[in-house]
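Under the working numbering, the residue at position 2 of the sequence shown is numbered 264, and the numbers go up by one with no gaps.
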Amino acid sequence: MYFPYVRGKQFELIALRDLCGLFPNDILKTSPVIEPVKSSSTLKSSLKELASKNVNFNVVINPRVGDLKNNRQVIIDVLTENLNHYKNYQLAVIIDAFSSRQLDTLIPFIEGLNLDYNGVTLIHNAETTTENIELLSSSLNVVYNLIYFSKTSRRYYREFEQNTRVSLDDYFKELSKNADYLDQESSFSEEYRYYQEDGFVGFGDFITIGDNYSDSGFLPRAVAIHLSYIDGTGKIKVKHFVSDSNGDTSDIGGKFAEALDKLVAWCNQQNIHTRAVEIFRDLKQRGHFPGLGTLKKLSIMNHIELVITNI
Numbered sequence: 263m264y265f266p267y268v269r270g271k272q273f274e275l276i277a278l279r280d281l282c283g284l285f286p287n288d289i290l291k292t293s294p295v296i297e298p299v300k301s302s303s304t305l306k307s308s309l310k311e312l313a314s315k316n317v318n319f320n321v322v323i324n325p326r327v328g329d330l331k332n333n334r335q336v337i338i339d340v341l342t343e344n345l346n347h348y349k350n351y352q353l354a355v356i357i358d359a360f361s362s363r364q365l366d367t368l369i370p371f372i373e374g375l376n377l378d379y380n381g382v383t384l385i386h387n388a389e390t391t392t393e394n395i396e397l398l399s400s401s402l403n404v405v406y407n408l409i410y411f412s413k414t415s416r417r418y419y420r421e422f423e424q425n426t427r428v429s430l431d432d433y434f435k436e437l438s439k440n441a442d443y444l445d446q447e448s449s450f451s452e453e454y455r456y457y458q459e460d461g462f463v464g465f466g467d468f469i470t471i472g473d474n475y476s477d478s479g480f481l482p483r484a485v486a487i488h489l490s491y492i493d494g495t496g497k498i499k500v501k502h503f504v505s506d507s508n509g510d511t512s513d514i515g516g517k518f519a520e521a522l523d524k525l526v527a528w529c530n531q532q533n534i535h536t537r538a539v540e541i542f543r544d545l546k547q548r549g550h551f552p553g554l555g556t557l558k559k560l561s562i563m564n565h566i567e568l569v570i571t572n573i
């Protein structure tokens with residue numbers, strides 16, 4: 263099973279919302295993880311849409327970024343108001359140094375919730391003690407343990423029941439400026455091929471966004487479109503399509519057209535036909551610039567489709 267990890271920003275949520283109706287035969291292959299960053303109308307409508315399609319998902323109740331950091335009750339109120347009696351989701355809890363110190367209040371808080379939900383997903387962003395693991399396992403219905411490998415040791419995952427283990431890591435190689443991606447291609451991962459062999463029931467990643475979070479927006483000098491694909495050896499890679507006229511921040515639509523021309527030409531050459539790529543082709547044909555947020559949405563959609571249709 264695939265666990266794409268998104269922050270609850272507008273176009274990340276819209277990507278999940280748009281995708282959930284496109285893969286009725288693949289719903290059991292994915293369980294998105296949503297770390298809400300604000301109590302927005304998009305968050306509420308996206309949760310309702312996921313529930314309407316009976317998609318399993320995970321909602322972080324102790325986010326580490328955004329407006330809802332340290333405000334878990336707001337998230338619980340959103341779940342209560344918008345999911346009614348829907349049960350096919352997990353409450354997700356980030357386990358790090360801070361939350362490990364707060365288990366004496368966090369566990370009773372979860373136990374006291376008047377919600378229908380499937381169980382709890384623990385996201386291990388740091389290693390905790392064996393005693394804490396035993397306390398969590400005995401107190402809560404832990405369905406999944408997502409082990410963030412870049413932040414834990416390789417042997418840490420052995421502390422958990424095999425039927426709960428999910429590997430998580432950030433495979434997107436982020437560069438400081440969009441222009442730095444010009445004519446570049448990045449390796450991503452092969453987890454989709456080996457996670458079961460390595461003793462996990464699922465695997466997760468931060469898609470083509472990466473784990474780094476920023477809530478500030480600015481006009482870029484260059485427009486970059488990040489497109490995942492599987493190469494001839496079965497490895498997931500990311501092809502970066504970047505505009506050429508990158509001297510200033512003017513004419514963002516023109517910069518998009520430059521990057522889009524490269525993407526469509528390459529996808530035609532490679533015979534790639536995901537839903538997102540077909541939308542990119544339509545945008546080129548119409549000469550339409552949909553906004554930078556839509557580019558992120560389509561990149562996310564392409565990556566998730568690529569993974570779930572190959573596991």
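Where is the CB? At the ideal position from N, CA and C, for every residue including glycine.
Contact set for glycine 496: own chain, Cβ-Cβ below 8 Å, skip 5 residues either direction | Excluding positions up to five away in sequence, the list reads Glu452 and Arg455.
Three-state class that DSSP yields for alanine 538 in the structure shown = It is helical.
Nearest to leucine 353 by CA position, among Phe360, Gln364 and Val340, is which residue?
-> The option with the nearest alpha carbon to leucine 353 is Val340.
Do tyrosine 490 and valine 500 have their C-beta atoms within less than 8 Å of each other?
-> Note on identity: in this sequence residue 490 is serine, with tyrosine being the wrong assignment. Pairing serine 490 with valine 500 gives a Cβ-Cβ distance under 8 Å.
Return the bridge partner residues of aspartate 431 from the DSSP annotation.
-> For aspartate 431, which the question treats as bridged, DSSP gives the partners Asp467.
Going straight from the alpha carbon of asparagine 320 to that of glycine 515, what length do you get?
-> Spanning the two alpha carbons is a distance of roughly 36 Å.
Assigned secondary structure, isoleucine 409 (DSSP; H/G/I helix, E/B strand, else coil) = Secondary structure at isoleucine 409: strand, using DSSP grouped into helix, strand and coil.
State the Cα-Cα distance for the pair asparagine 407 and glutamine 424, rounded to the nearest angstrom.
-> Those two C-alpha atoms are separated by around 9 Å.
Could you name each continuous alpha helix (DSSP H) segment of 4 residues or more that falls completely within the region 453 to 514, going from the start of the chain to the end?
-> Counting only runs of 4 or more, we get 453 to 456.
Between the Cα of proline 552 and the Cα atoms of Leu275, Ala519 and Ser303, which residue gives the shortest distance?
-> Nearest C-alpha to proline 552: Ala519.
Kindly provide the ranges of any beta strand (DSSP E) runs that are 3 or more residues long and lie completely inside the region 367 to 408, ordered along the chain.
-> Considered as a whole, the region 367 to 408 harbours 381 to 386 as its complete beta strand (DSSP E) runs of no fewer than 3 residues, in chain order.
Please determine, among Ile276, Leu284, Asn287 and Lys291, the residue with the shortest C-alpha to C-alpha distance to leucine 309.
-> Looking at the Cα atoms, Ile276 is the closest of the given residues.
What do you reckon, are the CB atoms on tyrosine 264 and phenylalanine 468 nearer than 8 Å?
-> The answer is no: Cβ separation not under 8 Å.
Rank Val336, Glu567 and Ser361 by C-alpha distance to the C-alpha of isoleucine 492 and give the top, closest one.
-> Among Val336, Glu567 and Ser361, the Cα nearest to that of isoleucine 492 is on Glu567.
Under 6 Å Cβ to Cβ from phenylalanine 273, same chain only, skipping five residues before and after it: list those, please.
-> Hits under 6 Å: Gly555, Lys558 and Lys559.
With isoleucine 562 and lysine 291 assumed to form a contact (beta carbons below 8 Å), what rounded beta-carbon distance in angstroms separates them?
-> Not really, about 16 Å apart at Cβ, beyond 8 Å.
Using CA coordinates, which residue listed in Ala538, Val322, Val336 and Leu284 is at the minimum distance from proline 294?
-> Per the Cα distances, Val322.
Arginine 363 to threonine 392 span [Cα, whole Å] = Each residue's Cα considered, the two are about 14 Å apart.
Isoleucine 296: first and last residue of the uninterrupted alpha helix (DSSP H) it sits in = Under the DSSP assignment, isoleucine 296 falls outside any alpha helix (DSSP H), being part of the beta strand (DSSP E) whose first and last residues are 295 to 297.
Glutamate 373, buried or exposed, once every other Cβ within 10 Å from all chains shown has been counted against 16 = By the beta-carbon neighbour count (other beta carbons within 10 angstroms, threshold 16), glutamate 373 is exposed.
Which same chain residues, not among the five before or five after valine 317, have their C-beta less than 6 Å away from its C-beta?
-> Short of 6 Å from the beta carbon of valine 317, and not among the five residues preceding or following it, lie these beta carbons of its own chain, in chain order: Cys282 and Ile289.
Beta-carbon proximity list for glutamate 311, same chain, < 7 Å, skipping 5 on both sides = Answer for glutamate 311: Arg279 and Cys282, listed in chain order.
Roughly how many angstroms separate the alpha carbons of valine 526 and arginine 483, rounded to a whole number?
-> Straight across, the Cα-Cα distance linking valine 526 with arginine 483 is about 21 Å.
Please report the residue range of the alpha helix (DSSP H) in which serine 307 lies.
-> Residues 303 to 314.
Extent of the continuous beta strand (DSSP E) to which isoleucine 356 belongs | Unbroken beta strand (DSSP E) run through isoleucine 356: 351 to 357.
What is the DSSP secondary structure of arginine 417, counted as helix, strand or coil?
-> Assignment of arginine 417 by DSSP, reduced to helix, strand and coil, places it in the coil class.
Taking buried to mean at least 16 other C-beta atoms within 10 Å of its own C-beta, is asparagine 440 buried or exposed?
-> With 16 or more Cβ atoms within 10 Å of its Cβ, asparagine 440 is classed as buried.
Evaluate proline 370 with the Cβ neighbour count: other Cβ atoms within 10 Å of its Cβ, from every protein chain shown; 16 or more gives buried, anything less gives exposed.
-> Exposure of proline 370 is indicated by the presence of fewer than 16 other C-beta atoms within 10 angstroms of its C-beta.
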